[in-house]
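Notes follow once the structure below has been shown.
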Amino acid sequence: MGENDRHQGRPLYEWIVRAARENGLAGATVLRGLEGYGAASRLHTAKILRLSSDLPIVVEIVDSEEKIESFLALIDGVVGEGLATVERVEIHFYRSGKPD
Amino acid sequence: MGENDRHQGRPLYEWIVRAARENGLAGATVLRGLEGYGAASRLHTAKILRLSSDLPIVVEIVDSEEKIESFLALIDGVVGEGLATVERVEIHFYRSGKPD
Amino acid sequence: MGENDRHQGRPLYEWIVRAARENGLAGATVLRGLEGYGAASRLHTAKILRLSSDLPIVVEIVDSEEKIESFLALIDGVVGEGLATVERVEIHFYRSGKPD
Numbered sequence: 048m049g050e051n052d053r054h055q056g057r058p059l060y061e062w063i064v065r066a067a068r069e070n071g072l073a074g075a076t077v078l079r080g081l082e083g084y085g086a087a088s089r090l091h092t093a094k095i096l097r098l099s100s101d102l103p104i105v106v107e108i109v110d111s112e113e114k115i116e117s118f119l120a121l122i123d124g125v126v127g128e129g130l131a132t133v134e135r136v137e138i139h140f141y142r143s144g145k146p147d
Numbered sequence: 048m049g050e051n052d053r054h055q056g057r058p059l060y061e062w063i064v065r066a067a068r069e070n071g072l073a074g075a076t077v078l079r080g081l082e083g084y085g086a087a088s089r090l091h092t093a094k095i096l097r098l099s100s101d102l103p104i105v106v107e108i109v110d111s112e113e114k115i116e117s118f119l120a121l122i123d124g125v126v127g128e129g130l131a132t133v134e135r136v137e138i139h140f141y142r143s144g145k146p147d
Numbered sequence: 048m049g050e051n052d053r054h055q056g057r058p059l060y061e062w063i064v065r066a067a068r069e070n071g072l073a074g075a076t077v078l079r080g081l082e083g084y085g086a087a088s089r090l091h092t093a094k095i096l097r098l099s100s101d102l103p104i105v106v107e108i109v110d111s112e113e114k115i116e117s118f119l120a121l122i123d124g125v126v127g128e129g130l131a132t133v134e135r136v137e138i139h140f141y142r143s144g145k146p147d
């Protein structure tokens, strides 16, 4: 998605991270790209669009296949423009620094 | 690849994104790392090399296996130093904000 | 992991990249997220926590399954809080710009 995409008054990527957390998904990380293009074939470039800063945003979310599929169904109507991919990973460890 | 790698007078990652777009690939995103090392086992670090800023660059491109393989063949001779990996993902949605 | 996590007097992500290099792994890249949450379900946000800058850090490391598993065993005791995932990729090319 784009950095400037918004939903309910906040950046869309923030909304997605909060929704992921509220729905109990195991983790989410937001990465901002330097440039890119996507579904609308617009080219986003840090240098050209520095003022508007409409840069590509990647949100990586990790959980079980079932929870990921449910979450994608939840956000499906909210993402007006974007690409969502799903891939299989093996969780090696998932650990909190706080005592259980 | 490195942030300072160039091809035809522009950053190599910019050249790759434009080539991907011109060849009709579905999407590309450029991410810049804080530090890293790769094929030449040189360590790139933001703090030490801030002036030269030769930081690792990741370009993620999404499309069918056939188009990805063709594109990798196209850029193979252009990337003097780098690592290319291919993995299988499932496209969940791919959507433009503009009316079809 | 978090940007502020430390080990042996340096940022944990730096320690991991150096350990990967010293153990001969083929490549590593550090990416810093804008925001995220993980094992401890704390929300890290660039805007709110700019001073502390405890932002999510992703370290991507590429090598054979055997070397990755060994390396994860090595760092397992060092990462107090974090999520580690492993996935299969195909190496398309891995090339140094320097003459062999």
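Chains L, S and B, in that order, give the protein sequences.
Under this note's numbering, the letters of the first sequence match residues 48 to 147, in that order.
Under this note's numbering, the letters of the second sequence match residues 48 to 147, in that order.
Under this note's numbering, the letters of the third sequence match residues 48 to 147, in that order.
Positions of the beta carbon are idealized from the N, C-alpha and C atoms, including for glycine.
From a predicted model like this one, the values you see are computed outputs, not experimental measurements.
- Residues of the segment 119-133 of chain L that bring their beta carbon within less than 8 Å of a beta carbon in chain B are absent altogether.
- Ranked by how close their Cα comes to the Cα of Leu72/L, the residues Leu119/L, Gly49/L, Glu137/L, Leu59/L have Leu119/L in first place.
- Ranked by Cα distance from Gly85/S, the options Val77/S, Leu121/S, Asp123/S, Ile104/S are led by Ile104/S.
- Comparing alpha carbon positions, the residue from Leu130/L, Val136/L, Leu121/L closest to Val109/L is Val136/L.
- Remark: three or more beta-carbon pairs, one from each stretch, lie closer than 8 Å, so the segment 124-142 of chain S and the segment 53-64 of chain S are flagged as touching.
- Taking the CA atoms as reference points, Leu81/B sits about 21 Å from Arg142/L.
- In this structure Val133/B is exposed. Its beta-carbon is surrounded by fewer than 16 other beta-carbon atoms within 10 angstroms.
- Rounded to whole angstroms, the Cβ separation of Asp101/B and Gly56/B is 18 Å, and the two are not in contact under 8 Å.
- Cα atoms of Glu107/B and His54/L: separation of roughly 31 Å, rounded to the nearest angstrom.
- Nearest CB-CB separation between Ser143/S and chain L: below the 9 Å threshold.
- Residue state for Val64/S is assigned as helix, using DSSP reduced to three classes.
- Comparing alpha-carbon positions, the option among Leu130/L, Phe140/L, Gly83/L, Asn70/L lying closest to Glu113/L turns out to be Asn70/L.
- Residue contact with chain L for Leu59/B: absent (no Cβ-Cβ distance below 9 Å to any residue of chain L).
- With a 10 Å radius around the Cβ and a threshold of 16 neighbouring Cβ atoms, Leu121/S comes out exposed.
- Annotation for Ala120/B: the continuous alpha helix (DSSP H) segment containing it runs 112-122.
- Collapsing the DSSP output to three states places Glu128/L in coil.
- In the structure shown, the three-state DSSP call for Glu69/B is helix.
- The criterion of a C-beta distance shorter than 9 Å is satisfied by Gly74/S and Gly83/L.
- Contact between Leu78/L and Leu130/B does not hold, since the beta-carbon distance rounds to 15 Å and is not under 8 Å.
- Gly74/B has a beta carbon lying within less than 9 Å of a beta carbon in chain S.
- Residues of chain L whose Cβ lies closer than 7 Å to the Cβ of Val105/B are, in chain order, Thr76.
- Taking the beta carbon of Glu82/B as reference, the chain L residues within 9 Å of it are Tyr60, Glu61, Val64, Ala75, Thr76, Val77, listed in sequence order.
- Just measuring C-alpha positions, the residue of Leu59/L, Ile115/L, Ile138/L sitting nearest Glu116/B is Ile138/L.
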